[in-house]
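A.B. asks: First the structure, then my questions, so here it is.
Residue numbers (my numbering): 745 to 1205.
Next comes the structure, spelled out in structure tokens:
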């Protein structure tokens, strides 16, 4: 018998204090990060206008994945995370693998965001020691997350508002410049026809189109945070479907709208792969403070992602502990009903960004290293969610029949999603840096296999 919200609260577990607006904005914030603000320049230079199709395809598949996750989690509110889902529907080993892989994936992603924060702090204060921004960031995020989950939701709400305003401003400015027939100093005229007048939709052929997936997929990391918030949402049967169903609208507006505006104002061949096209766009509009404003926005986006990573990883450790797949200390909640020890351990992990930056040749090389590893592992986690849904359809047909929130396309959509993830994994072989990350990723699963064997032997004793 699935547990009710009251049952969970009575057991002294995570409290349901995230309101609808918190869940909605966490969902938006999770899908908008430095991958869009910083990585979009490179994806445009690789694929040209077909980058719109790249982001649309990734977004469409992840919408189906989130619908699958939502249906399964709402079928039993005792699920604390999709590691619980995998353990119940695939097997304990799958829950162990998924939980620890997701924990490591988000830890790596959060480390990458702390690295980015350091780089943008140095934009204003070049002489700041490399160790200071990470320490200050971790201290701030820890203080936020140790208060209450509602405080986390409130901070993430305002982080997301800043990102949304920046993207909407970019889209509006782009439309105004197109309508006014803006002419850049190099003679380029802002026009809708820039989307197809220089080589068509696929100017670099299928190869350029495929290579763009390598970077674009990182921009969508965090979409699955919707599922993590389900355990602490006040009314998950209302807030979770609303947040998931809004994903297509957010993708069209925030991803496709922003990229289309950039390419209409600046022909795709002139978009620099090394700089944020958001900075260039505001600069062309004559905003002298463009660099500083966008630097603040990207800094906020990175802080938001790191904040989300800290929240998500601490809840995953909490869930693993309840499943007896992590030390029991992580089960303990503070007086404010947050997993304090999980937060402290994760914050310690974030500080590995300090030696990483000192050992790397540059901040960007450190960022590239960790984000490529994270992308590979997130693809695995998304795939496990889909497989869990397929198992759910087989094992609990009565739950599926009773569900008011089902997956469009059902099993067919799930199999299409898995095929798409195989395709994305193949695209990671097309560039040297991502190929190395893909080839190195089996090492993680070897480690997980050994850890599971040790855990299983210990449990049997």
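Cβ coordinates follow ideal geometry from the N, Cα and C atoms, glycine included.
From the DSSP output, in three-state form, read off residue 872 for me.
C.D. replies: The residue labelled residue 872 in the question sits at position 128 within the chain shown. Of the three classes helix, strand and coil, the one that applies to residue 872 here is coil, per DSSP.
A.B. asks: Using the three-state DSSP reduction, which class does residue 933 fall into: helix, strand or coil?
C.D. replies: For this step, residue 933 is matched to residue 189 along the chain shown. If DSSP states are grouped into helix, strand and coil, residue 933 belongs with the strands.
A.B. asks: Does residue 930 pass the burial test, meaning 16 or more other C-beta atoms within 10 Å, or should it be called exposed?
C.D. replies: Looking up residue 930 in the chain shown gives position 186. Burial call: exposed.
A.B. asks: For residue 999, which residues of its own chain have a beta-carbon under 6 Å away from its beta-carbon, when the five flanking residues on both sides are left out?
C.D. replies: Position 255 of the chain shown, counting from 1, holds the residue named residue 999. If we look at residue 999 and ignore the five residues flanking it on each side, its Cβ neighbours are 799.
A.B. asks: List the whole-angstrom C-beta distance separating residue 1140 from residue 819, where the pair is believed to meet the contact cut-off of C-beta under 8 Å.
C.D. replies: As a working note, residue 1140 is residue 396 in the chain shown. As a working note, residue 819 is residue 75 in the chain shown. With 8 Å as the limit, residue 1140 and residue 819 qualify as a contact, their Cβ atoms being about 7 Å apart.
A.B. asks: When you compare only the Cα positions, how much space is there between residue 1187 and residue 932?
C.D. replies: Walking along the chain shown from the start, residue 1187 turns up at place 443. Walking along the chain shown from the start, residue 932 turns up at place 188. Going by the C-alpha atoms only, they are around 49 Å apart.
A.B. asks: Under a three-way DSSP split, which group does residue 927 fall into?
C.D. replies: Indexing the chain shown from 1 puts residue 927 at position 183. If DSSP states are grouped into helix, strand and coil, residue 927 belongs with the strands.
A.B. asks: Taking residue 1068 as part of the alpha helix (DSSP H), name the residues at either end of that continuous run.
C.D. replies: Taking the first residue of the chain shown as 1, we reach residue 1068 at position 324. First-last for residue 1068: undefined, no H or E at that position.
A.B. asks: Return the Cβ separation of residue 1002 and residue 914 in integer angstroms, given the expectation that the two are a contact with Cβ distance under 8 Å.
C.D. replies: In the chain shown, counting from the first residue as 1, residue 1002 sits at position 258. In the chain shown, counting from the first residue as 1, residue 914 sits at position 170. Right, the Cβ-Cβ distance comes to about 5 Å (below 8 Å), so this counts as a contact.
A.B. asks: So what's residue 823 in DSSP terms, helix, strand or just coil?
C.D. replies: The count along the chain shown starts at 1 and reaches residue 823 at position 79. If DSSP states are grouped into helix, strand and coil, residue 823 belongs with coil.
A.B. asks: How many Å lie between residue 1126 and residue 1103 at the Cα?
C.D. replies: On the chain shown, residue 1126 is found 382 positions in, with the first residue counted as 1. On the chain shown, residue 1103 is found 359 positions in, with the first residue counted as 1. Taking the straight line from one Cα to the other gives about 31 Å.
A.B. asks: Suppose contacts are defined by Cβ-Cβ distances below 7 Å. Is residue 1009 in contact with residue 921 by that definition?
C.D. replies: The count along the chain shown starts at 1 and reaches residue 1009 at position 265. The count along the chain shown starts at 1 and reaches residue 921 at position 177. Going by C-beta atoms, residue 1009 is nearer than 7 Å to residue 921.
A.B. asks: Between which two residues does the alpha helix (DSSP H) holding residue 1022 run?
C.D. replies: Within the chain shown, the letter at position 278 stands for residue 1022. Where residue 1022 is concerned, the enclosing alpha helix (DSSP H) stretches over 1021-1028.
A.B. asks: Straight-line CA distance for residue 1059 to residue 925?
C.D. replies: Position 315 of the chain shown, counted from the first residue, corresponds to residue 1059. Position 181 of the chain shown, counted from the first residue, corresponds to residue 925. Straight-line Cα distance between these residues: approximately 50 Å.
A.B. asks: What would DSSP say about residue 1147, mapped onto helix, strand or coil?
C.D. replies: In the chain shown, counting from the first residue as 1, residue 1147 sits at position 403. Of the three classes helix, strand and coil, the one that applies to residue 1147 here is coil, per DSSP.
A.B. asks: For residue 844, count neighbouring C-beta atoms within 10 Å of its own C-beta (all shown protein chains included) and say buried if the count is 16 or more, exposed if not.
C.D. replies: The residue given as residue 844 occupies position 100 in the chain shown. Buried is the call here.
A.B. asks: Would you call the region 1005-1021 and the region 933-941 in contact, with 3 or more CB pairs under 8 Å?
C.D. replies: Verdict: yes, contact present.
A.B. asks: Is residue 1040 closer than 7 Å to residue 1168 when the C-beta atoms are compared?
C.D. replies: If you number the chain shown from 1, residue 1168 lands on position 424. If you number the chain shown from 1, residue 1040 lands on position 296. No, the pair does not count as a contact, with Cβ atoms beyond the cut-off.
A.B. asks: Closest to residue 1020 by CA distance: which of 1042, 1029, 1013 is it?
C.D. replies: For the purposes of this step, residue 1020 is taken as the residue at position 276 of the chain shown. The shortest C-alpha separation from residue 1020 is found at 1042.
A.B. asks: May I ask you to verify whether the region 802-812 touches the region 1144-1164, counting CB pairs closer than 8 Å and requiring at least 3?
C.D. replies: Cβ pair count under 8 Å is three or more, so yes.
A.B. asks: Do residue 842 and residue 827 have their CB atoms nearer than 7 Å?
C.D. replies: Counted from its first residue, the chain shown places residue 842 at position 98. Counted from its first residue, the chain shown places residue 827 at position 83. Yes, Cβ-Cβ distance for residue 842 and residue 827 is below 7 Å.
A.B. asks: Check residue 944 in the structure and name its three-state DSSP category.
C.D. replies: For this step, residue 944 is matched to residue 200 along the chain shown. If DSSP states are grouped into helix, strand and coil, residue 944 belongs with coil.
A.B. asks: How long is the line joining the alpha carbons of residue 808 and residue 1123, rounded to whole angstroms?
C.D. replies: Indexing the chain shown from 1 puts residue 808 at position 64. Indexing the chain shown from 1 puts residue 1123 at position 379. For residue 808 and residue 1123, the distance between alpha carbons rounds to 14 Å.
A.B. asks: In angstroms with no decimal places, state the Cα-to-Cα distance between residue 954 and residue 962.
C.D. replies: The sequence position of residue 954 within the chain shown is 210, counting from 1. The sequence position of residue 962 within the chain shown is 218, counting from 1. The alpha-carbon atoms of residue 954 and residue 962 are separated by roughly 14 Å.
A.B. asks: Spell out a yes or no on whether the region 1067-1080 and the region 864-880 are touching, meaning 3 or more CB-CB pairs, one atom from each, closer than 8 Å.
C.D. replies: Counting Cβ pairs under 8 Å, fewer than three are found: no touch.
A.B. asks: Is the beta carbon of residue 1182 closer than 7 Å to that of residue 1120?
C.D. replies: Numbered from 1 along the chain shown, position 376 holds the residue referred to as residue 1120. Numbered from 1 along the chain shown, position 438 holds the residue referred to as residue 1182. In this structure, residue 1182 lies closer than 7 Å to residue 1120 by Cβ.
A.B. asks: Taking residue 1055 as the reference, which of 859, 784, 851 has the closest Cα?
C.D. replies: Against the chain shown, residue 1055 aligns to sequence position 311. The shortest Cα separation from residue 1055 among 859, 784, 851 belongs to 851.
A.B. asks: With 16 as the cutoff for other CB atoms within 10 Å, does residue 1164 come out buried or exposed?
C.D. replies: Within the chain shown, numbered from 1, the residue matching residue 1164 stands at position 420. Classification of residue 1164: buried, given that the 10 Å Cβ count is 16 or more.
A.B. asks: Would DSSP call residue 834 helix, strand or coil?
C.D. replies: Here residue 834 refers to the residue found at position 90 of the chain shown. Reduced to three states, the DSSP call for residue 834 is coil.
A.B. asks: Go through its chain and collect everything with a Cβ distance to residue 862's Cβ below 7 Å, but skip five positions before and after it.
C.D. replies: Here residue 862 refers to the residue found at position 118 when the chain shown is read from its first residue. Same-chain partners within the cutoff: 874, 877, 878, 1101, 1107.
A.B. asks: Within 10 angstroms of the Cβ of residue 899, are there 16 or more other Cβ atoms? Answer buried if so, exposed if not.
C.D. replies: Counted from its first residue, the chain shown places residue 899 at position 155. By the 10 Å Cβ count, residue 899 comes out buried.
A.B. asks: How about residue 788 and residue 1015: are their beta carbons less than 7 Å apart?
C.D. replies: Looking up residue 788 in the chain shown gives position 44. Looking up residue 1015 in the chain shown gives position 271. Closer than 7 Å, so yes.
A.B. asks: If you follow the alpha helix (DSSP H) that residue 1199 is part of, which residue opens it and which one closes it?
C.D. replies: Taking the chain shown and counting its residues from 1, one reaches residue 1199 at position 455. First-last of the alpha helix (DSSP H) with residue 1199: 1186-1204.
A.B. asks: Can you tell which of 795, 1132, 1026 has the C-alpha that lies nearest to the C-alpha of residue 950?
C.D. replies: Stepping through the chain shown from its first residue, residue 950 is reached at position 206. Nearest C-alpha to residue 950: 795.
A.B. asks: Sorted by chain position, which residues of the same chain lie with C-beta nearer than 8 Å to residue 882's C-beta, five sequence neighbours on each side aside?
C.D. replies: Taking the first residue of the chain shown as position 1, residue 882 is located at position 138. Hits under 8 Å: 858, 1091, 1094, 1095.
A.B. asks: Please confirm whether residue 793 and residue 945 have their CB atoms less than 7 Å apart.
C.D. replies: Within the chain shown, numbered from 1, the residue matching residue 793 stands at position 49. Within the chain shown, numbered from 1, the residue matching residue 945 stands at position 201. Yes, they are a contact pair.
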